[in-house]
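Data block below; observations after.
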Amino acid sequence: AHEVMINSEKLSVAGQLAAGIAHEIRNPITAIKGFLQLMESGKSYKQEFFSVISAEINRIEIILSELLALAKPQLDKYCKKDIKGILQHVVALTKSQAILHDVHIQTSFSKDSLEVLCDENKLKQVFINFIKNAIEAMSYTDGGMILVKSEKVGDQSVIIRIIDQGPGIPEDILKKIGEPFFTTKENGTGLGVMVSFEIVKQHDGEVQINSDSNGTTISITLPLSSSLSS
Ligand code: ADP
Ligand code: MG
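Numbered according to the UniProt record's numbering, the sequence shown spans residues 262 to 491.
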C-alpha cells in the first residue's frame, strides 16, 4: 500500500497557483471570445454556440468558487460543532450523486462527543470534496460502498475516515495529488484536494491518504475543542 503524508511543502506556492489560475481561466475565456466573434461576424451562427458559452462560463464559476474556499479563515466564523452532525449533513448532501453512481454511503460514528472548533462551512467543503472523489473513483468500478467513520483518538483529537472501494491511486499519481490543477478527470478542476489540505491545515489538522488496489482511505485528524487551551 502506498502512503503519503501531507505537509506544508506540498501546499501551493503562490506563484504556481497564480499561473495556474490564469491559465485555467484564460482557456474558457478564449473559447467564449471565439464564439462571440464568430457570431458577431455573421460568418456562423448556431444555437448550440450558446450552450458551449454557457458551459465555459459554468467552468469559470466552479473554479472560482473552489478557490474562494482558500480565503483566509475568519476567526469569528469558528464555532464548536460536533463533527457527527457535520458528517451527517454532508452525507445527506452527497446522497443523490452517490445513488446516481450506484454507490451506497454507510456511516459509523463513535458515541463520544466529538466537538471541534471550526468554520463549519469550510469543513463541510472538505468532506464534500473527499466524498465526491470517492464516488467518482467508484464510477470506474460500477459502484460499491463508501464508509464514513469518525472516532476519538486519545482525548486530544478526532479522526474522520472516508473509505472507498475504488480502483485506488497509483503511486506516481499519489505524489501529485494536492498540487493545484492536478486532475486525471476529463472535467476535473484539480482543486478539491489542494483546497481541502489547506482548510484542514487552517484547523490545525492533518490529512493522510492510503491507497491500494482495493480502494482509498482518506484520514483527516482534527483537534478536539476540549484539547484547546483558551
Ligand atoms: P478533481 O476531482 O477535480 O480531479 P481533486 O483535487 O479532487 O480534483 O483530485 C485530484 C485527483 O486525485 C483526481 O483527479 C484523481 O485522479 C485523484 N483522486 C482523488 N481522490 C481519489 C480517490 N478516492 N480514488 C482515486 N483517485 C482519487
Ligand atoms: Mg475532486
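Just so it is clear, CB atoms sit at the ideal spot from N, CA and C, and this is done for glycine as well.
Source: prediction; values computed, not measured.
| Item | Value |
| --- | --- |
| Just list the alpha helix (DSSP H) runs in the region 281 to 341, keeping only unbroken ones of 4 residues or longer that don't cross its boundaries, in chain order. | 308 to 329 |
| So who's on the other strand from residue 418, going by DSSP bridges? | 414, 484 |
| Cβ of residue 394 within 6 Å of any heavy atom in ligand 1? | yes |
| May I ask which residues mark the beginning and end of the beta strand (DSSP E) holding residue 378? | 376 to 380 |
| Indicate whether the contact test is met: 3 or more Cβ pairs, each with one atom in the region 308 to 328 and one in the region 286 to 294, closer than 8 Å. | yes |
| Taking only the alpha-carbon atoms, compute the straight-line gap between residue 474 and residue 398 and give it to the nearest angstrom. | 12 Å |
| Residue 453: beta carbon under 6 Å from a heavy atom of ligand 2? | yes |
| Starting from the Cα of residue 456, find the closest Cα among 276, 439, 363, 401 and give me that residue. | 439 |
| Label residue 390 either buried or exposed according to how many other C-beta atoms from any shown protein chain fall within 10 Å of its C-beta, with 16 as the threshold for buried. | buried |
| Just how far apart, CA to CA, sit residue 402 and residue 429? | 10 Å |
| Determine the extent of the alpha helix (DSSP H) in which residue 355 is found, giving its start and end residues. | 344 to 361 |
| For residue 352 versus residue 366, is the C-beta distance shorter than 7 Å? | yes |
| By Cβ distance below 8 Å, which residues in the same chain neighbour residue 328 in space, the five residues on each side in sequence not counted? | 282, 452, 456 |
| Taking 8 Å as the cut-off, does the region 294 to 308 touch the region 417 to 432 (at least 3 CB pairs, one atom from each stretch)? | no |
| Roughly how many whole angstroms lie between the Cα atoms of residue 338 and residue 370? | 25 Å |
| Just reading off the beta strand (DSSP E) that residue 426 is part of, what are its end residues? | Run containing residue 426: none; DSSP gives neither H nor E here. |
| Please classify residue 297: is it buried, with 16 or more other beta-carbons within 10 angstroms of its beta-carbon, or exposed? | exposed |
| Near residue 416, which residues of its chain fall below 8 Å by C-beta distance, leaving aside the five closest residues on each side in sequence? | 485, 487, 488 |
| If distances are taken between C-alpha atoms only, which option among 479, 418, 460 comes closest to residue 469? | 479 |
| Would you call residue 493 buried or exposed, if buried means 16 or more other Cβ atoms sit within 10 Å of its Cβ? | Any property of residue 493 remains undetermined from this structure, which presents the chain solely from 262 to 491. |
| Does any heavy atom of ligand 1 sit closer than 6 Å to the C-beta of residue 449? | yes |
| Buried or exposed for residue 372, please, with buried defined as at least 16 other CB atoms from any protein chain shown within 10 angstroms of its CB. | exposed |
| Give the single residue among 284, 306, 462 whose Cα lies nearest to the Cα of residue 325. | 284 |
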